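Down below is the structure, laid out as structure tokens.
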Amino acid sequence: MGSELVVALVKYGLLALLWLFVIFAVRTVRSDLWGSGKPARPAAGTAARSSGKPAKRTAARRLVVTEGALAGTTISLGAAPVTLGRADDSTLVLTDDYASSRHARLVPGEDAWLVEDLGSTNGTYLGASKVTRPTPVPLGQPIRIGKTVMELRR
Amino acid sequence: MSAQTIAPGAGAGRRGIELLLIGFAVAIAIVAYAAVGIGQDGRIPTGTIGYGAGLALLFGLAHLVVRRFAPYADPLILPCVAMLNGLGLVMIRRLDLAEAERARQAASALPRADAPLQLIWTAIAVAAFIAVLVVVRDHTRLARYAYTSAAAGLVLLLLPAIPGIGATINGARLWIRVGPMTVQPSEAAKVLLMVFFASYLVSKRDVLSLASRRVAGIDLPRARDLGPILVAWAASLAVLVREKDLGSSLLFFGIFIVMLYVATERTSWLLIGVGLFGLGSFSAYTLFGHVARRVDTWLDPFATASTTGYQLVQGLFGFGTGGISGTGLGKGQPGIVPYAKTDFIMAAIGEELGLIGVMAVLLLFALVVERGLRSGLACRDSFGKLLATGLSFALALQVFVIVGGVTGLIPLTGVTLPWLSYGGSSVVMNWVLIALLLRISDAARRPAPAPVAPEKARAALAEAQTTVVRR
Numbered sequence: 112m113g114s115e116l117v118v119a120l121v122k123y124g125l126l127a128l129l130w131l132f133v134i135f136a137v138r139t140v141r142s143d144l145w146g147s148g149k150p151a152r153p154a155a156g157t158a159a160r161s162s163g164k165p166a167k168r169t170a171a172r173r174l175v176v177t178e179g180a181l182a183g184t185t186i187s188l189g190a191a192p193v194t195l196g197r198a199d200d201s202t203l204v205l206t207d208d209y210a211s212s213r214h215a216r217l218v219p220g221e222d223a224w225l226v227e228d229l230g231s232t233n234g235t236y237l238g239a240s241k242v243t244r245p246t247p248v249p250l251g252q253p254i255r256i257g258k259t260v261m262e263l264r265r
Numbered sequence: 002m003s004a005q006t007i008a009p010g011a012g013a014g015r016r017g018i019e020l021l022l023i024g025f026a027v028a029i030a031i032v033a034y035a036a037v038g039i040g041q042d043g044r045i046p047t048g049t050i051g052y053g054a055g056l057a058l059l060f061g062l063a064h065l066v067v068r069r070f071a072p073y074a075d076p077l078i079l080p081c082v083a084m085l086n087g088l089g090l091v092m093i094r095r096l097d098l099a100e101a102e103r104a105r106q107a108a109s110a111l112p113r114a115d116a117p118l119q120l121i122w123t124a125i126a127v128a129a130f131i132a133v134l135v136v137v138r139d140h141t142r143l144a145r146y147a148y149t150s151a152a153a154g155l156v157l158l159l160l161p162a163i164p165g166i167g168a169t170i171n172g173a174r175l176w177i178r179v180g181p182m183t184v185q186p187s188e189a190a191k192v193l194l195m196v197f198f199a200s201y202l203v204s205k206r207d208v209l210s211l212a213s214r215r216v217a218g219i220d221l222p223r224a225r226d227l228g229p230i231l232v233a234w235a236a237s238l239a240v241l242v243r244e245k246d247l248g249s250s251l252l253f254f255g256i257f258i259v260m261l262y263v264a265t266e267r268t269s270w271l272l273i274g275v276g277l278f279g280l281g282s283f284s285a286y287t288l289f290g291h292v293a294r295r296v297d298t299w300l301d302p303f304a305t306a307s308t309t310g311y312q313l314v315q316g317l318f319g320f321g322t323g324g325i326s327g328t329g330l331g332k333g334q335p336g337i338v339p340y341a342k343t344d345f346i347m348a349a350i351g352e353e354l355g356l357i358g359v360m361a362v363l364l365l366f367a368l369v370v371e372r373g374l375r376s377g378l379a380c381r382d383s384f385g386k387l388l389a390t391g392l393s394f395a396l397a398l399q400v401f402v403i404v405g406g407v408t409g410l411i412p413l414t415g416v417t418l419p420w421l422s423y424g425g426s427s428v429v430m431n432w433v434l435i436a437l438l439l440r441i442s443d444a445a446r447r448p449a450p451a452p453v454a455p456e457k458a459r460a461a462l463a464e465a466q467t468t469v470v471r472r
């Protein structure tokens with residue numbers, strides 16, 4: 112009878128230990144199982160570049176997508192550059208077959224945001240002209256990437 | 002924005018917790034080892050100390066290498082793997098005892114004990130794990146060897162089909178003879194091909210995600226981009242036909258489809274993959290006797306309970322006998338199931354540890370997979386992202402295929418249960434897989450040098466402005 116008790120104790124004790132291990136393991140990573148999603152590293156990386164040259168107060172505060180699959184999307188502009196492309200670490204992830212992974216980026220310049228093509232396959236257009244070097248973007252001027260059109264707004 | 006940038010560095014590392022959990026895992030394995038002896042003859046087995054010391058030494062060594070060479074790696078992956086591996090060794094030892102008991106009753110020669118051998122294989126596996134962590138300092142370097150690893154993977158995959166080297170064991174021709182032992186090269190091929198898939202898909206994903214026509218809300222890929230998926234499909238079928246290896250065939254194709262889907266974010270690839278899989282499965286069912294038998298056994302195992310369905314039925318009886326809390330280690334009859342040490346080790350766990358034990362084991366696998374996918378999400382480069390996702394998914398798919406097969410959810414295909422099953426190639430390559438995952442995890446969780454700089458720069462700037470403003 113005594114040995115029966117020992118066997119039962121060992122059996123349930125082992126199962127309890129196994130589950131304690133699982134529970135303890137889950138607790139150590141609880142913070143990223145629920146909430147506190149993945150850290151926004153791309154933003155951090157690009158922030159480094161912008162902080163070197165302090166952006167002056169540029170009038171544009173928002174980037175609004177007016178045409179294409181993402182029409183209606185708005186991004187508020189801060190001091191960090193905005194990357195545009197299909198790569199999932201872009202600020203604005205374009206779901207556009209004619210866009211490249213890293214298509215273009217918007218950088219805060221001295222007194223206006225600059226658009227810069229990052230060697231895309233199909234090019235970036237500001238108004239009717241193709242962007243070949245960093246070009247200042249006036250408010251309301253359409254930037255076209257593939258089928259996506261966006262503009263800067265106040 | 003800036004509040005979030007602190008997150009990557011915060012709480013990274015956590016090697017102390019890893020060591021604590023590894024110690025816990027080893028302690029549980031020792032208790033389980035002792036429990037087998039207590040269940041069998043009421044005494045703690047004499048080998049307990051040696052076994053515990055061996056495990057503590059191996060996993061402790063693995064931990065020290067991670068501490069030195071991948072300090073920011075996820076703290077949970079290694080302990081979970083250690084727990085699974087330790088438990089696997091206990092189950093193999095327990096099944097050794099069952100075999101010895103049966104041999105004694107039949108008065109035949111004692112069979113070879115597999116547990117000491119598996120402990121040696123675990124040592125080799127940990128050595129391989131350490132070697133990978135030390136040699137591969139930067140996972141992105143692996144991308145350079147994409148085509149080399151593709152060639153090596155294909156050669157390894159097809160090696161068993163060559164007469165003279167290949168060996169047919171239990172109807173499947175997936176072993177090669179190296180001296181006195183047999184090696185299963187498809188395990189190594191799995192990891193090598195994943196490195197290739199990841200590198201290939203990262204460089205080609207722009208093309209592969211080009212859409213041609215929209216049908217029913219789904220963008221179909223262009224016909225000429227179907228090439229790679231057809232090649233992967235044909236290779237899987239070749240493995241199935243030449244080597245009669247249902248499991249690896251399914252694994253390879255599944256891994257390829259999911260990596261293609263993750264790389265391109267196109268649902269159409271999943272649908273095309275499932276379609277091709279259905280086509281392949283159906284023709285395999287009609288053409289090959291061994292596939293048809295597996296499916297028929299799955300549909301009604303009890304119809305052939307004494308012939309082809311014997312193994313599955315005995316496994317199901319094992320789960321049934323175990324019930325919720327199991328018979329207790331050493332108290333069941335898990336030795337009745339053929340190949341209980343390899344494919345059917347889950348049935349042995351189900352019988353002696355019950356549903357509670359099976360769930361704990363499945364959760365441990367789920368945790369490893371979750372941590373792996375999390376590393377993939379956090380990884381900064383696309384190659385690492387895709388490789389981590391592929392490696393984690395491969396693990397998940399393998400566990401699903403064998404546990405699903407053993408429990409009768411899907412037709413049974415012979416693959417090993419990672420770290421638990423007896424088998425040298427499997428345990429070594431799964432440890433290598435974990436080494437790669439930890440390498441990527443280390444890179445993903447390492448505080449980026451860039452985000453540290455702007456904090457300082459911004460602070461300096463803030464101070465500077467107070468003086469500059471007087472201008």
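Line by line, the protein sequences are chains A and B. Counting from 112, one number per residue, gives the positions in the first sequence under our numbering. Counting from 2, one number per residue, gives the positions in the second sequence under our numbering. Even for Gly, the Cβ is constructed at its ideal location relative to N, Cα and C. Quick caveat, the model's predicted, so the values are computed rather than measured.
Cutoff 8 Å: residue i Cβ touching any chain B Cβ
i: alanine 136 of chain A; result: yes
i: alanine 166 of chain A; result: Caution is warranted here: a pLDDT of 42 is assigned to alanine 166 of chain A, below 50, making its placement in the model unreliable, and no coordinate value can be reported.
i: lysine 258 of chain A; result: no
i: valine 133 of chain A; result: yes
i: lysine 241 of chain A; result: no
Three-way DSSP call (helix, strand, coil) for residue i in this model
i: leucine 330 of chain B; result: coil
i: glutamate 178 of chain A; result: strand
i: glutamate 227 of chain A; result: strand
i: proline 229 of chain B; result: helix
i: arginine 447 of chain B; result: coil
i: lysine 191 of chain B; result: helix
i: isoleucine 50 of chain B; result: helix
i: proline 253 of chain A; result: coil
i: alanine 36 of chain B; result: helix
i: arginine 95 of chain B; result: helix
i: lysine 258 of chain A; result: coil
i: isoleucine 170 of chain B; result: strand
i: proline 186 of chain B; result: helix
i: arginine 152 of chain A; result: A caution first: arginine 152 of chain A carries a pLDDT of 41, below 50, which makes its placement in the model unreliable, though a value can still be read off. Note: arginine 152 of chain A maps to helix in three-state DSSP.
Contact with chain A by residue i, beta-carbon distance below 8 Å
i: methionine 84 of chain B; result: yes
i: alanine 126 of chain B; result: no
i: glycine 43 of chain B; result: yes
i: serine 307 of chain B; result: no
i: alanine 162 of chain B; result: no
i: leucine 365 of chain B; result: yes
i: serine 326 of chain B; result: yes
i: tyrosine 34 of chain B; result: no
i: aspartate 207 of chain B; result: yes
i: leucine 439 of chain B; result: no
i: alanine 264 of chain B; result: no
i: tyrosine 39 of chain B; result: First, the amino acid is wrong: residue 39 of chain B is isoleucine here, not tyrosine. Cβ-Cβ to chain A under 8 Å: yes for isoleucine 39 of chain B.
i: isoleucine 357 of chain B; result: yes
i: leucine 354 of chain B; result: yes
i: leucine 96 of chain B; result: no
i: alanine 361 of chain B; result: yes
Expected contact under 8 Å - CB spacing of residue i and residue j to nearest Å
i: leucine 263 of chain A; j: tryptophan 224 of chain A; result: 6 Å
i: glycine 55 of chain B; j: leucine 120 of chain B; result: 6 Å
i: leucine 354 of chain B; j: glycine 331 of chain B; result: Actually they are not in contact, since the Cβ atoms of leucine 354 of chain B and glycine 331 of chain B sit about 11 Å apart, beyond 8 Å.
i: leucine 238 of chain B; j: glutamine 399 of chain B; result: Not really, about 20 Å apart at Cβ, beyond 8 Å.
i: alanine 36 of chain B; j: valine 121 of chain A; result: 5 Å
Closer than 7 Å: residue i CB and nearest the ligand ADP heavy atom
i: alanine 33 of chain B; result: Of ligands this structure carries none, so the ligand ADP is not represented either.
Contact list for residue i against chain C, beta-carbon separation under 7 Å
i: serine 212 of chain A; result: No chain C appears in this structure, whose protein chains are A and B.
- Task: Evaluate contact between the stretch 402-421 of chain B and the stretch 340-357 of chain B, counting only Cβ atoms and requiring at least three cross-stretch pairs below 8 Å.
- Result: Touching, yes, given that three or more Cβ pairs across the two stretches are closer than 8 Å.
- Identify each residue in the stretch 17-32 of chain B for which the Cβ-Cβ distance to at least one residue of chain A is less than 7 Å, and report them in chain order. Hits within the stretch, in order: Ile18, Leu22, Phe25, Ala26, Ile29 and Val32.
- Message: Could you check whether the stretch 245-265 of chain B touches the stretch 373-393 of chain B, counting it as contact only if at least three pairs of C-beta atoms, one from each stretch, sit closer than 8 Å?
- Response: Counting Cβ pairs under 8 Å, three or more are found: they touch.
- On the three-pair Cβ rule with 8 Å, is the stretch 409-425 of chain B touching the stretch 99-111 of chain B? No contact exists between the stretch 409-425 of chain B and the stretch 99-111 of chain B.
- Query: In chain order, what residues of the stretch 222-233 of chain A put their CB closer than 9 Å to some CB of chain B?
  - Reply: Contacts with chain B (Cβ-Cβ distance below 9 Å) from the stretch 222-233 of chain A involve Thr232, listed in chain order.
- Query: Quick one: any contact between the stretch 237-255 of chain A and the stretch 215-224 of chain A, if contact means 3 or more CB pairs under 8 Å?
  - Reply: In this structure the stretch 237-255 of chain A touches the stretch 215-224 of chain A; the number of beta carbon pairs closer than 8 Å is three or more.
- Message: Taking contact to mean 3 or more Cβ pairs, one atom from each stretch, closer than 8 Å, check whether the stretch 434-443 of chain B and the stretch 70-83 of chain B are in contact.
- Response: Three or more beta-carbon pairs separated by less than 8 Å link the stretch 434-443 of chain B to the stretch 70-83 of chain B, which places the two stretches in contact.
- Item | Residues of the stretch 64-83 of chain B whose Cβ lies closer than 9 Å to any Cβ of chain A, in chain order | So the close ones are Asp75, Pro76, Leu77, Pro80 and Cys81.
- Query: Counting Cβ pairs, one atom from each stretch, are 3 or more of them under 8 Å apart for the stretch 332-342 of chain B and the stretch 364-379 of chain B?
  - Reply: Counting Cβ pairs under 8 Å, fewer than three are found: no touch.
- Are the stretch 120-139 of chain B and the stretch 156-176 of chain B touching, with three or more C-beta to C-beta distances below 8 Å? Contact fails: fewer than three Cβ-Cβ distances are below 8 Å.
- Task: Output, in sequence order along the chain, the residues in the stretch 329-352 of chain B whose CB is closer than 8 Å to any CB in chain A.
- Result: Along the stretch 329-352 of chain B, going in chain order, the ones with a CB nearer than 8 Å to a CB of chain A are Gly329, Leu330 and Lys332.
- Query: In chain order, what residues of the stretch 167-196 of chain A put their CB closer than 8 Å to some CB of chain B?
  - Reply: Contact annotation: in the stretch 167-196 of chain A, residues whose CB is within less than 8 Å of a CB in chain B are Gly189 and Ala191.
- Item | Cβ pair count under 8 Å reaching 3, the stretch 420-439 of chain B against the stretch 178-195 of chain B | With a cut-off of 8 Å, the stretch 178-195 of chain B and the stretch 420-439 of chain B count as touching, because enough Cβ pairs lie within range.
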